[in-house]
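Here the protein sequences come in this chain order: A and L. When we follow the numbering used here, the leftmost residue of the first sequence carries the number 90, and every step to the right adds one. When we follow the numbering used here, the leftmost residue of the second sequence carries the number 90, and every step to the right adds one. Using N, Cα and C, we set each Cβ at its ideal position, and we do this for glycine too. Some notes on the structure that comes next.
There are 2 protein chains.
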Amino acid sequence: MLIVRKYGGTSVADVQNIISAASNIAKTYSDGNRLVIVVSAQGDTTDELLAKAAKISGGAGKREIDALISTGEQQSAALMAIALRAQGLPSVSLNAAQSGINATSAYGNARIKSVDPERLRFELEQGNTAVVAGFQGMNKYGDVVTIGRGGSDTTAVALAVALNADLCEICTDVDGVYTADPRIVKNARKIRVISYDEMLELSSLGAKVLHNRSAEMAKRYRVPLIVRSSFSDAEGTLVKDVPYMERMYVSGVTVDKEIAGVTLLGVKGEPGGAYNVFSLIAREGVSVGVITRTAGTGSGDISFTVVRSELGKVLGALEENKDVIRYTDLKYDDRVAKISVVGAGMESTPGVASGVFEALYAVDIGVKMISTSEIKITILVDERDTEAAVNAIHDRFFAMGAHDEEKR
Amino acid sequence: MLIVRKYGGTSVADVQNIISAASNIAKTYSDGNRLVIVVSAQGDTTDELLAKAAKISGGAGKREIDALISTGEQQSAALMAIALRAQGLPSVSLNAAQSGINATSAYGNARIKSVDPERLRFELEQGNTAVVAGFQGMNKYGDVVTIGRGGSDTTAVALAVALNADLCEICTDVDGVYTADPRIVKNARKIRVISYDEMLELSSLGAKVLHNRSAEMAKRYRVPLIVRSSFSDAEGTLVKDVPYMERMYVSGVTVDKEIAGVTLLGVKGEPGGAYNVFSLIAREGVSVGVITRTAGTGSGDISFTVVRSELGKVLGALEENKDVIRYTDLKYDDRVAKISVVGAGMESTPGVASGVFEALYAVDIGVKMISTSEIKITILVDERDTEAAVNAIHDRFFAMGAHDEEKR
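This is the structure:
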């Protein structure tokens, strides 16, 4: 098999971690696989470099920040190649330009446009294990650009696509994707197989194990992904095209606590009403989470969520533009948490939503806002009820044994 | 003027140093000059990266070591560009590939083959100050190679040649080239103007202020060089084509203490005698310093110097090959120091050598070995006599006032 495997920052944080990862890579290699390794910067390297730049100037340009911090991954790549050679594995480190990773020009937040895998193919043909610096690309000016937080996951998937790899492995500090955050839900269980769509929902809802954009790219090109631990041999979570029959109807429960809910009362349903609201908020540079508007009541209420730290900015803008938006009243709640239940099987399984509400009712928790899509139910609850609510919902769908039965 | 200016590792060692260098650059810029800056890695960065690699593997390949340590200069370049922008100076950092620095493939010790200054010219035309990562180039495989210790000096001179710059400045932690090491000779004085040849002799004899190869390249392409302090405005030393009339007949005195002298007795003068000796030593990987053989005596004695730490290896090889080399006896002295007197005016000024011997005789120091070239006299003395010998010679040629008079 041709495998592209990514190691995150904690997985290469110190010399001992690098050596241990190299020994795992050597094992996979000796099992008859060819490998391309993608590495993040060591531990806090990126933050340390940023701190140094901040000491020099509060307004360091993005181009120079990219030139600076991209060296962190290049160092990891060289160190990993050195560790692999010490294991007897012929190996070369490659930076973004050498790996043929072409990206847009947007310094600090570029997108990978294409990968020209000529050099990578050459190294693989020579029997070398290539170690690629993650998180970066080369733009049309020949400058190094970074591709945003979590970018090394995206680097790995993009290389897997370009090389037509059999598998892309994301090695991280957790051993897979869980049905809920194990720090909040003690019964949380590792998911063995999950569909791209579910993974996407889970990762965009804050399950930090896999970056959103990489899940999206994996889905588009049907790259089989495995999320697993760098530090153990435990089986991870496989992300792939899951045939309907195999699907769980609920795959996970996620929580986001840093949320505020805003409701505008009396916004008329005339054309442009919603547009006025959300174009205003977009101009403030604020991303809106869930938006709900009940159909046909004529009352004209619109609710939405924003990240809590941006609430003040949003309220200020709304009040200043009351004449344009023409609402009758403005309410907000900055003590709410967003809980989402995700499952690709949901759309064809009646009763999931009612199961959620039933579970909450049983522990006497009220639901402040509801929004559902085909594979997701999102609710807002009082922040103080977060843990009880998540556990109640999780237990409802993942009670011991229930999950495996439901999967059939 | 178009100026290429290099800052060494101590000159960019911390954030404060970088900011202060940036402020000097901004001043030069506002005086109406255009600038290309070459930087070394910060302080101990290179050694720290090497230590990390050594912890992973004792036998890290040179290719990966180059990929690893070249990031140090790239970081300095980005940080300096950030500091310049904070001074209001438009600035971009460039790595070796971006700067068009093409080098041989010899990882760890490459040579600059050519510089394609297209990108540098573009940045200068845009009004940008370009900050180039020193010490590195790109080889034909697109890999980063480093160009050996002191390489950033060579980078600076190579860029000055390619850009046809008016001046190349080497900013370092000393404020110029001295007539002798001020730590040994208390009367040592700064040289204001020196010829390329003299600079070359001084730097190859261990005056650490300017790397040998960069002096060589500056001479070949007639690039005017200034060696001066990063930390003060003190006038430095100008290295250029010095017309004969301006030449000092002695420009400096240097010392090398880590030396051993070896003498082979009775090596016949037949063709191949010297070849046998020195090809043997070259095969051991040892560089030979001064070689002397007195002409026409028929005794067949050959003396030479080697770095003291390699003496054992050399003696072993000579003893093992006594049959091939056919010498009658082997003597060595590992307690000697090498003192050299350099001056381009020497060849046309009678009495310099006798001045050296007179000075030593006056302080009762014997001369163990003598070798002279057109612009250099080298002697070996007992190691214990080093300081007294250097000071005696220095005072002979640089007594207060004597130097300026001699210069006319």
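key: Same chain, Cβ closer than 7 Å to A:L242, five either side skipped, listed in chain order   = Within the first sequence, the letter at position 153 stands for residue 242 of chain A. Correcting the residue identity first, residue 242 of chain A is Asp in this sequence and not Leu. So the list reads K95, I259, L299, H300 and S303, once near-sequence residues are dropped.
message = My output table needs one value for A:E258: the three-state DSSP class, helix, strand or coil.
response = Here residue 258 of chain A corresponds to residue number 169 of the first sequence, with the count starting at 1. Three-state DSSP puts A:E258 in a strand.
inquiry  = Once the 5 residues before and after A:D232 are set aside, which same chain residues still bring their CB inside 7 Å of it?
reply    = For the purposes of this step, residue 232 of chain A is taken as the residue at position 143 of the first sequence. Closer than 7 Å at the Cβ level, and outside the excluded window around A:D232, lie R152.
ask   = Between A:I114 and A:R372, what straight-line distance do the alpha-carbon atoms span, to the nearest angstrom?
value = Position 25 of the first sequence holds residue 114 of chain A. Position 283 of the first sequence holds residue 372 of chain A. Roughly 47 Å separates the two Cα atoms.
query = On the three-state DSSP scale, how would you describe A:R424?
reply = Within the first sequence, the letter at position 335 stands for residue 424 of chain A. Three-state DSSP puts A:R424 in a strand.
request  = For L:K144, decide whether its Cβ has a neighbour in chain A, counting only Cβ atoms nearer than 8 Å.
outcome  = The sequence position of residue 144 of chain L within the second sequence is 55, counting from 1. Cβ-Cβ to chain A under 8 Å: yes for L:K144.
ask   = According to the Cβ coordinates, are L:K427 and L:G378 closer than 8 Å?
value = Along the second sequence, read from residue 1 onward, the residue named residue 427 of chain L stands at position 338. Along the second sequence, read from residue 1 onward, the residue named residue 378 of chain L stands at position 289. Result yes, Cβ atoms of L:K427 and L:G378 sit closer than 8 Å.
task = Determine the extent of the beta strand (DSSP E) in which A:I348 is found, giving its start and end residues.
result = Numbered from its first residue, the first sequence carries residue 348 of chain A at position 259. Element bounds for A:I348: G341 to L354.
message = Strictly below 9 Å CB to CB, what residues from chain L border A:A363?
response = Here residue 363 of chain A corresponds to residue number 274 of the first sequence, with the count starting at 1. None at all; the shortest Cβ gap to chain L is about 42 Å.
request  = Quick one: which residues of the region 94-112 of chain L get their C-beta closer than 7 Å to a C-beta of chain A? List them in chain order.
outcome  = V104, I107 and I108
query = Is the shortest distance between the beta-carbon of A:L407 and the beta-carbons of chain L less than 8 Å?
reply = Walking along the first sequence from the start, residue 407 of chain A turns up at place 318. Taking Cβ atoms only, chain L never reaches closer than 8 Å to A:L407, which makes this a no.
key: Positions along the region 183-213 of chain A whose CB lies within less than 8 Å of some CB in chain L   = N184, A186, Q187 and R208
request  = Please confirm whether A:I158 and A:A199 have their CB atoms less than 8 Å apart.
outcome  = Translated into positions along the first sequence, residue 158 of chain A becomes position 69. Translated into positions along the first sequence, residue 199 of chain A becomes position 110. No; because the gap between Cβ atoms is not below 8 Å, this pair is not in contact.
query = Taking C-alpha atoms, which residue in L:Y338, L:R317, L:S321 and L:D322 lies nearest to L:V328?
reply = Taking the first residue of the second sequence as position 1, residue 328 of chain L is located at position 239. Among L:Y338, L:R317, L:S321 and L:D322, the Cα nearest to that of L:V328 belongs to L:R317.
request  = Decide if L:S188 is buried, meaning its Cβ has at least 16 other Cβ atoms within 10 Å, or exposed.
outcome  = Position 99 of the second sequence, counting from 1, holds the residue named residue 188 of chain L. Buried: at least 16 other Cβ atoms inside 10 Å.
query = On the three-state DSSP scale, how would you describe A:M90?
reply = If you number the first sequence from 1, residue 90 of chain A lands on position 1. Looking at A:M90 - three-state DSSP - the assignment turns out to be coil, as it is neither helix nor strand.
message = Please report the distance separating the alpha-carbon of A:I201 from that of A:A186.
response = For the purposes of this step, residue 201 of chain A is identified with residue 112 of the first sequence, where counting begins at 1. For the purposes of this step, residue 186 of chain A is identified with residue 97 of the first sequence, where counting begins at 1. Cα to Cα, the separation comes out at about 12 Å.
ask   = Would you report the Cα separation of L:R311 and L:Y285, rounded to the nearest angstrom?
value = On the second sequence, residue 311 of chain L is found 222 positions in, with the first residue counted as 1. On the second sequence, residue 285 of chain L is found 196 positions in, with the first residue counted as 1. Whole-angstrom Cα-Cα distance: 9 Å.
ask   = Does any residue of chain L bring its CB to less than 8 Å from the CB of A:K141?
value = Counted from its first residue, the first sequence places residue 141 of chain A at position 52. Judged by the 8 Å Cβ criterion, A:K141 is in contact with chain L.
inquiry  = Which residues in chain A have a C-beta closer than 7 Å to the C-beta of L:T135? List them in chain order.
reply    = Here residue 135 of chain L refers to the residue found at position 46 when the second sequence is read from its first residue. Correct list: empty, because the minimum Cβ distance to chain A is about 12 Å.
query = For L:A477, which three-state DSSP category applies?
reply = Residue numbering aside, residue 477 of chain L sits at position 388 when the second sequence is read from its first letter. Note: L:A477 maps to helix in three-state DSSP.
query = Any C-beta of chain L sitting closer than 8 Å to the C-beta of A:G152?
reply = In the first sequence, counting from the first residue as 1, residue 152 of chain A sits at position 63. Reading off the sequence shown, one finds Arg at residue 152 of chain A, where the question assumed Gly. Taking Cβ atoms only, chain L reaches closer than 8 Å to A:R152, which makes this a yes.
query = Can you tell me the Cα-Cα spacing of A:R424 and A:E472, whole angstroms?
reply = Along the first sequence, one-based indexing puts residue 424 of chain A at 335. Along the first sequence, one-based indexing puts residue 472 of chain A at 383. Roughly 5 Å separates the two Cα atoms.
key: A:G432 burial status per 10 Å Cβ neighbour count (16 or more: buried)   = One-based indexing of the first sequence puts residue 432 of chain A at position 343. Label assigned to A:G432: buried.
inquiry  = Taking the straight line between their C-alpha atoms, what separation do you get for A:Q163 and A:V181?
reply    = Counted from its first residue, the first sequence places residue 163 of chain A at position 74. Counted from its first residue, the first sequence places residue 181 of chain A at position 92. Near 12 Å, if we compare the C-alpha coordinates of A:V181 and A:Q163.
Where A:Q163 meets chain L, residues with beta-carbon distance less than 7 Å = Residue numbering aside, residue 163 of chain A sits at position 74 when the first sequence is read from its first letter. Ordered by position in chain L, the residues that pass the 7 Å Cβ test against A:Q163 are A156 and T160.
message = So, does the region 247-266 of chain A touch the region 99-106 of chain A, judging by three or more C-beta pairs under 8 Å?
response = yes
inquiry  = Suppose the cutoff is 8 Å on Cβ atoms and the five residues either side in sequence are ignored; what does the same chain contact list for L:D103 look like?
reply    = Counting from 1 along the second sequence, the entry for residue 103 of chain L is found at position 14. Hits under 8 Å: Q131 and G132.
inquiry  = Strictly under 8 Å for the Cβ-Cβ distance: is L:V470 near chain A by that measure?
reply    = Here residue 470 of chain L refers to the residue found at position 381 of the second sequence. With 8 Å as the cut-off, L:V470 does not count as an interface residue toward chain A.
query = Residues of chain A with a CB under 8 Å from the CB of L:G231: which are they?
reply = Working through the second sequence from its first residue, we reach residue 231 of chain L at position 142. The answer, in chain order, is A186, Q187 and R208.
message = Considering just the uninterrupted stretch of the beta strand (DSSP E) at A:L157, what are its terminal residues?
response = On the first sequence, residue 157 of chain A is found 68 positions in, with the first residue counted as 1. No beta strand (DSSP E) holds A:L157; the alpha helix (DSSP H) holding it covers K151 to A175.
query = Between the C-alpha atoms of L:I380 and A:I145, what's the straight-line distance to the nearest angstrom?
reply = Working through the second sequence from its first residue, we reach residue 380 of chain L at position 291. Working through the first sequence from its first residue, we reach residue 145 of chain A at position 56. Looking at the two C-alpha atoms, the distance is approximately 52 Å.
ask   = Which residues in chain L sit within 7 Å of A:A172, going by Cβ to Cβ distance?
value = In the first sequence, the residue the question calls residue 172 of chain A occupies position 83. Here the neighbours are I145 and S146.
message = Just verifying my parser: in three-state terms, what is the DSSP assignment at A:Y310?
response = Taking the first sequence and counting its residues from 1, one reaches residue 310 of chain A at position 221. Three-state DSSP puts A:Y310 in a helix.
inquiry  = Let's see if you can read the secondary structure: which residues bound the beta strand (DSSP E) around L:A550?
reply    = What is shown of chain L runs 90 to 497, which leaves residue 550 of chain L out entirely.
ask   = In the structure shown, what three-state DSSP assignment does A:K329 receive?
value = Along the first sequence, read from residue 1 onward, the residue named residue 329 of chain A stands at position 240. DSSP places A:K329 in strand when its eight states are reduced to three.
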